[in-house]
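Note sheet for the following structure.
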Amino acid sequence: KQEVTQIPAALSVPEGENLVLNCSFTDSAIYNLQWFRQDPGKGLTSLLLIQSSQREQTSGRLNASLDKSSGRSTLYIAASQPGDSATYLCHPNSGGSNYKLTFGKGTLLTVNP
Amino acid sequence: DVKVTQSSRYLVKRTGEKVFLECVQDMDHENMFWYRQDPGLGLRLIYFSYDVKMKEKGDIPEGYSVSREKKERFSLILESASTNQTSMYLCASSPGTGNNQPQHFGDGTRLSIL
Numbered sequence: 003k004q005e006v007t008q009i010p011a012a013l014s015v016p017e018g019e020n021l022v023l024n025c026s027f028t029d030s031a032i033y034n035l036q037w038f039r040q041d042p043g044k045g046l047t048s049l050l051l052i053q054s055s056q057r058e059q060t061s062g063r064l065n066a067s068l069d070k071s072s073g074r075s076t077l078y079i080a081a082s083q084p085g086d087s088a089t090y091l092c093h094p095n096s097g098g099s100n101y102k103l104t105f106g107k108g109t110l111l112t113v114n115p
Numbered sequence: 035d036v037k038v039t040q041s042s043r044y045l046v047k048r049t050g051e052k053v054f055l056e057c058v059q060d061m062d063h064e065n066m067f068w069y070r071q072d073p074g075l076g077l078r079l080i081y082f083s084y085d086v087k088m089k090e091k092g093d094i095p096e097g098y099s100v101s102r103e104k105k106e107r108f109s110l111i112l113e114s115a116s117t118n119q120t121s122m123y124l125c126a127s128s129p130g131t132g133n134n135q136p137q138h139f140g141d142g143t144r145l146s147i148l
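Each protein sequence line maps, in turn, to chains A and B.
Residue numbering for the first sequence is 3 to 115, as defined by the working numbering.
Residue numbering for the second sequence is 35 to 148, as defined by the working numbering.
Here is the structure:
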């Protein structure tokens, strides 16, 4: 069974800082890995999807990397803003006949003005 | 724009009631999922379905059942609601097995059982 760990559990930074969120997973046989953002009381919004053949994916100030063999992914946020405050979750997609969505517990990010 | 729609954002029910949570997706996805999310426990899978009339138990199916009569709709049923089922419920959908497309989530239903 895939197990996902996200470190740190919570992070508080001043506005403008660059930061890195970490995700590790135990089963490296994945099709892709997805990073989500969740605002309080809301559903999950997809941020980035990295295919298993890719090393990284970028969208605006966000950059996600994937090292499948070591079971690790990072989400890099450049020049953080208060609007980035949210919980960030990663999901390594194992696919297959027992296809399930397996998530980390997330990193709660607070960006202070 | 792709969409997963959950019928209610907030719902309050009483202990012992039969509760229906509805989820509809407009992307013709094969897979649909129901999760509950609780502080400190993260997202836990209740049930999922990979085709019409097909269902699989997730990690915490006790006290719940599901129905998928049409491809676009996946219903979660609390047979006899209890206070420990107070939670945030999230529905998601995804394309067929191995497809390299993003997963999509609804906005969630905050359910309170009194």
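Where is the CB? At the ideal position from N, CA and C, for every residue including glycine.
Residue i - DSSP class collapsed to helix/strand/coil
i, result
"Q160/B", "For residue 160/B there is no data in the structure shown, the boundaries of chain B being 35 and 148."
"D69/A", "strand"
"T109/A", "strand"
"Q119/B", "helix"
"D72/B", "strand"
"A11/A", "coil"
"I147/B", "strand"
"K89/B", "coil"
"L75/A", "The question names Leu, but residue 75/A is Ser in the sequence shown. DSSP places S75/A in strand when its eight states are reduced to three."
Minimum Cβ-Cβ distance from residue i to chain A less than 7 Å
i, result
"F139/B", "yes"
"P149/B", "Here chain B covers residues 35 to 148 and nothing more, so residue 149/B does not appear."
"G50/B", "no"
"L110/B", "no"
"L55/B", "no"
"L45/B", "no"
"L124/B", "yes"
"L77/B", "yes"
"P136/B", "yes"
"G142/B", "yes"
Identity of the residues DSSP links to residue i by a beta bridge
i, result
"V6/A", "F27/A"
"H93/A", "Q36/A"
"P16/A", "N114/A"
"M66/B", "S83/B, S127/B"
"L55/B", "L110/B"
"K104/B", "R107/B"
"S99/B", "I111/B"
"Q40/B", "C57/B"
"S82/A", "Its beta-bridge partners do not exist; DSSP assigns none."
Below-7 Å beta-carbon distance, residue i vs any chain B residue
i, result
"G45/A", "yes"
"S96/A", "no"
"L51/A", "yes"
"F105/A", "yes"
"S48/A", "yes"
Integer-rounded CB distance, given that residue j should sit under 8 Å from residue i
i, j, result
"A126/B", "Y69/B", "7 Å"
"V6/A", "Y78/A", "Their Cβ separation, rounded to whole angstroms, is 19 Å, which puts V6/A and Y78/A out of contact at 8 Å."
"Y98/B", "L75/B", "Going by Cβ atoms, the distance from Y98/B to L75/B rounds to 16 Å, so no, they are not a contact pair."
"R57/A", "L68/A", "6 Å"
"Q83/A", "E19/A", "Contact flag wrong, Cβ pair sits at about 10 Å."
"V58/B", "F139/B", "With a Cβ gap of about 13 Å, V58/B and F139/B do not count as contacting."
"Q36/A", "S48/A", "6 Å"
Range covered by the beta strand (DSSP E) that runs through residue i
i, result
"E58/A", "58-61"
"G76/B", "76-83"
"K47/B", "44-47"
"Q129/A", "Residue 129/A falls outside the range modelled here, since chain A spans only 3 to 115, and no answer is possible."
"T104/A", "Segment: none, T104/A is in no beta strand (DSSP E) and carries neither H nor E."
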